[in-house]
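Per UniProt numbering, the sequence shown starts with residue 1, numbered consecutively. All C-beta atoms in this analysis are idealised placements derived from N, C-alpha and C, irrespective of residue type, glycine included. Since this is a predicted model, take the numbers as computed values, not measurements. Structure record follows, encoded as structure tokens.
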Amino acid sequence: MEPVYFILAIMGCGDGQAACQEQRVEPVRYETAAECRAAMPVALQRHTDIDFPVVSAACRASGPVMVKNEVKRPRG
């Protein structure tokens, strides 16, 4: 199973960051959310050509995610 990693999505938004839409995804995978957030300023500088009033970025987890499945047993 592949590990969870983080990707950096470049978002185009209206004024006041309303109605944001994902425009691009950086090709780099980050091992932690902190590494992803640290890369945001430089990544945003590479995407100034997006035709939106506001360009922002968001780190997102990617890869398989494990969910804890608890079975509740009746008391008796």
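Under 8 Å between C-beta atoms of residue i and residue j
i     : j     : result
MET11 : SER62 : no
ASP15 : PRO53 : yes
For residue i, the residue or residues it bridges with in DSSP
i     : result
CYS59 : LEU8
GLN21 : GLY12
VAL54 : CYS13
Cβ separation of residue i and residue j, assumed to be a contact under 8 Å, to the nearest whole Å
i     : j     : result
GLU26 : ALA43 : 5 Å
ALA58 : ALA9  : 5 Å
Residue from the options with nearest C-alpha to residue i
i     : options                       : result
ARG24 : ARG60, PRO64 and TYR5         : ARG60
VAL4  : CYS36, PHE52 and ALA18        : CYS36
PHE6  : VAL54, ILE50, HIS47 and VAL28 : VAL28
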